[in-house]
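Residues in the sequence shown are numbered from 1 upward in steps of one, following full-length UniProt numbering. Encoded as structure tokens, the structure appears first; notes follow it.
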Amino acid sequence: MRTAALPRTPAGEAPPWLGASPVAALLAAQRPWREAAALVRSPVWRGVGVPDGGGLPVLLVPGFLAGDPSLSLLDRWLRARGYRTCTSQIRVNVDCTGLAVERLERRLVELTDRTGRPAAIVGQSRGGLFAKLVAARRPDLVRGIVTLGSPNVDHMAINPLVAAQVRLVAALGTAGVPGLFRDDCVRGGCADDLAAELARPFPAQVPYVSVYSRSDWVVDWHACLDPAAEHVEVDSSHVGMSVHPAVYRLLGERLAALAARTAAPTPAPA
């Protein structure tokens, strides 16, 4: 079974790469650097008006072709705000989805066993897709998830240039290069299993926020509008969502609300 096709895009709401000029594409590629610079100048970076995280464990999952270092600023910021962060141990996010999600589930179990409370998961792009799958499998261990530019409705609703990179990785994986997903993961039985799992009802007790941007040059923003999620729009580039001031303000609010719902257990008297 395949994910349902995206509805016809209304006029004026198409992905920004359609009909764009090379100059527009060049400016879009430079945008994450400007967003990161704006973040470190923003009061939110210093924690102004951001509630304390109360020790809530947070698992961070990077996007396609990225690894844990891509979320290092977010990791540092969350730790400074009182969260107990945990990286995914993904060096480059190009492995088979099924295998990657199994490893991430084990990572979640380790984190929640260590902290003694359910964890939040923040995933960027393909990492958000992983977050949704893990939360659906282990809702008992997940306090809530936030996905950043994640095409959880249709994981191949992406810029054609990025789709070409996906096909290249799949070709290399099919040729036997270890650690890479294969053609079957893009169009085959593995892809069908992924589509079926994403289409299953999401646990109603797990808060799910999907952050999207109409100016996302990588993912068609319509694919982020998961019916199971609360949708929050930001004006951000795709890569820049992990360094965008508005996203940090949102995370500060939503993660603190999750922390308030699950305070750390009080140790039993000796």
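Glycine included, C-beta positions come from ideal geometry on N, C-alpha and C.
Contact belief for residue i with residue j at Cβ below 8 Å, rounded distance in angstroms
i           : j           : result
residue 109 : residue 162 : Incorrect: roughly 32 Å between the Cβ atoms, too far for contact.
residue 157 : residue 222 : 7 Å
residue 245 : residue 88  : About 24 Å separates the two Cβ atoms, so there is no contact after all.
residue 93  : residue 127 : 7 Å
residue 176 : residue 51  : Their Cβ separation, rounded to whole angstroms, is 49 Å, which puts residue 176 and residue 51 out of contact at 8 Å.
residue 47  : residue 76  : At roughly 12 Å, the Cβ-Cβ gap does not stay under 8 Å, so residue 47 and residue 76 are not in contact.
residue 111 : residue 86  : 5 Å
9 Å Cβ cutoff met for residue i and residue j
i           : j           : result
residue 95  : residue 180 : yes
residue 160 : residue 45  : no
residue 60  : residue 39  : no
residue 186 : residue 211 : no
residue 97  : residue 71  : no
residue 297 : residue 26  : Only positions 1 to 270 of the chain appear in the structure, and residue 297 is not among them; the question remains open.
residue 232 : residue 209 : yes
residue 67  : residue 149 : no
residue 216 : residue 154 : no
residue 69  : residue 135 : no
residue 169 : residue 137 : no
residue 228 : residue 201 : yes
Residue from the options with nearest C-alpha to residue i
i           : options            : result
residue 165 : 178, 183 and 154   : 183
residue 106 : 77, 141 and 129    : 141
residue 113 : 99, 193 and 84     : 84
residue 191 : 69, 76, 42 and 99  : 99
residue 214 : 227, 230 and 238   : 238
residue 250 : 49, 139 and 168    : 49
residue 36  : 255, 258 and 236   : 236
residue 195 : 14, 129 and 90     : 129
residue 260 : 118, 20, 14 and 91 : 118
* Inter-stretch contact (C-beta, 8 Å, three-pair minimum) for the segment 137–146 and the segment 117–124 -> Between the segment 137–146 and the segment 117–124, the count of C-beta pairs closer than 8 Å reaches three or more; the two stretches touch.
* To do: Mind listing, in chain order, the continuous beta strand (DSSP E) runs of no fewer than 3 residues lying wholly within the segment 63–116?
  => The segment 63–116 contains these whole beta strand (DSSP E) runs: 84–87.
* Which runs of the alpha helix (DSSP H) fall wholly inside the segment 161–235 and span at least 4 residues, in chain order? -> Listed in chain order, they are 183–186 and 189–199.
* **Cβ pair count under 8 Å reaching 3, the segment 48–64 against the segment 19–32** => Contact between the segment 48–64 and the segment 19–32 is not established, with fewer than three Cβ pairs separated by less than 8 Å.
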